[in-house]
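Take a look at the structure below.
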């Protein structure tokens, strides 16, 4: 739904696109199908202008130009204005907040580079048992 949404898409399944140019270049003839992507917002998961370069699957983008330039990255989630806009090939990453950018696969980014504090009323834990320096566990 939206002007030019899924315009060049022919080989897709289980995909949702809402917004001007959302998933416009998701057609990829080199794989059986591009699937599982959800793009809601102006130019969300727009991709590379060469549709055959866009093989990313199972990505979720919500917001203006979220994951805009994605090509091969898969299993990513971006929420917020221009979040993860420059991710083209990272996998399994999450960016939350306006202009939040990841710089590698398997990363979670909260807010843009100006964010100075992440606050919670609960405990932050890690499967690896690491807490950042200066954080005291009660």
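Residue numbers (the working numbering): 6 to 143.
Glycine included, each C-beta is placed from N, C-alpha and C at the ideal position.
Just so you know, these numbers come straight off a predicted model, no measurement behind them.
Suppose you measure from the CA of residue 72 to the CA of residue 21; what does that come to, to the nearest Å? 15 Å
Report all residues from its chain with a CB closer than 8 Å to the CB of residue 76; omit the five preceding and five following residues, and keep chain order. 52, 53, 58, 59, 60, 61, 93 and 94
Can residue 108 and residue 97 be called in contact, C-beta distance under 8 Å? no
Compare the Cα-Cα distances from residue 42 to each of 55, 26, 48 and 66 and report the closest residue. 66
Taking the alpha carbon of residue 80 as the reference point, which residue from 100, 86 and 68 has its own alpha carbon closest? 100
Below 8 Å on the Cβ atoms is my guess for residue 45 versus residue 24; work out the distance and round it to an integer in Å. 6 Å
Assuming residue 50 and residue 64 make a contact with CB atoms under 8 Å, what is their CB distance in whole Å? 6 Å
Cα separation between residue 91 and residue 126? 32 Å
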